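Visitor:
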Amino acid sequence: MKEINEILKAYSKAQEAGKKTALATVVKVEGSSYRQPGARMLVTEDGELTGAISGGCLEGDALRKALLSIHQKQNKLITYNTSNEDDIELGLQLGCNGIVHILFEYIDDQVPNNPIQLLKQLELERKEAVIVTVFSLKRNALQIGTTLFFRKDSPILNHNNEALSLIEDVKDVLKTKTSVVKKLQNENDNEALIEYINPPISLVIAGAGNDVQPLVKMASILGWKITIGEGRATHATEKRFPKADYLKTVKAEDFLEDIKIDDQTYFVLMTHNYKYDLAVLKLLLETNCQYIGILGPKTKLNRMLDDLQNEGINVSEEQLERIYSPIGLDIGAETSEEIALSIVSEIKAFSTGKTGTSLKYKTGKIHDEIQYER
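With our numbering applied, the sequence shown covers 1 to 374.
1) Tell me whether the beta-carbon of Ile7 lies closer than 8 Å to the beta-carbon of Arg35.
2) What would DSSP say about Ser202, mapped onto helix, strand or coil?
3) Would you mind stating whether Ser351 and Ile201 have Cβ atoms separated by less than 8 Å?
4) If I'm right that Leu203 touches Lys225 with Cβ under 8 Å, what's the distance once you round it to whole angstroms?
5) Reducing DSSP to helix, strand and coil, say where His235 ends up.
6) What is the rounded straight-line gap between the Cα of Tyr266 and the Cα of Tyr361?
7) DSSP three-state call for Leu148: helix, strand or coil?
8) Is the CB-CB distance between Val216 and Lys239 below 8 Å?
9) Should Glu195 go down as buried or exposed, given a rule of 16 or more other Cβ atoms within 10 Å for buried?
10) Can you look up Ile366 in the DSSP assignment and give me helix, strand or coil?
11) How about the segment 8 to 23 and the segment 40 to 51: do they share at least three Cβ pairs that are nearer than 8 Å?
12) What is the rounded straight-line gap between the Cα of Ile323 and the Cα of Gln185?
13) What number of angstroms, rounded off, separates the C-alpha of Lys20 from the C-alpha of Asn190?
14) Taking buried to mean at least 16 other C-beta atoms within 10 Å of its own C-beta, is Pro112 buried or exposed?
15) Once DSSP output is grouped into helix, strand and coil, what is the label at Gly60?
The structure is reproduced here in structure tokens:
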């Protein structure tokens, strides 16, 4: 979502300046590639790039293709074969051993539900959604492009009837939370990237000490939404945390007020005030939040559990599974910056269903493959 948010900001600036733009989207990958389907990059007519479709190796040639799309006011599908290091025509020598198909879409402000308008819908509500991009690998075929936006209990936004035939597939993607590329049965050999998009991680931190500052900075770089709650008015300030989205001075018993919890909400307790952390933990155990990280040694958690039991609160195995204490991945962290890195890494791994182990020992591909359906 961060990349999309940055693209939308860049588009607004381009609009204000009267600049024409094109959107480049990775729609299909065969073999290995640095970026996967759904990666995007906005290009302005004066060559400004926002987002990325590769590790930097495709961007130069992609800029030229995007400018051509803007000049001709047409969508274009370009294929890069990165498996051939001796490809004189491209001269890229990427060594990624894959084929990357990128769709370039001219953004016409006068067209309702153009690609940017569909992407903007993601910012209106904090809910998961599906976006459909229709393309064809057939030479000189009409490239329909980003054409449909779907969110449960919301109107379908669409500007192509062919995409409407994919609604059942769209609903399946929303249900499985897994993007797919589907082959369509028509004369243009069209395919559709049916892309699942989750809202950004919401990181809620109890505590506003100095060790929270590097955590907020790192989370902000990743585009996470950050809430900080603290009992001391002198600590939870905008001056200390300019990257936080929401700051509040609050009593522990009122900590969850105004906080919406969904499956992308993660809590970290690091006030260095045992009673405050314990009171917040007590509240969180009664919610459906899936991750509660607590800073401190295992003895602190054991003391918390004992104190809760003394209050007549028996923490179930299911509740205990949601508590991560000591918080963070085991990377030998000592300084506040290293601890922040450990925490961010664990939350990122948890959110994607990964273990956080070294890629050296992974036997399969780095990225989960997009399913291709016929």
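Glycine residues also receive a C-beta, built at the ideal position from the N, C-alpha and C atoms.
Just so you know, these numbers come straight off a predicted model, no measurement behind them.
Guide: With the given structure in hand:
1) no
2) strand
3) yes
4) 7 Å
5) coil
6) 28 Å
7) strand
8) no
9) buried
10) coil
11) yes
12) 48 Å
13) 27 Å
14) exposed
15) helix
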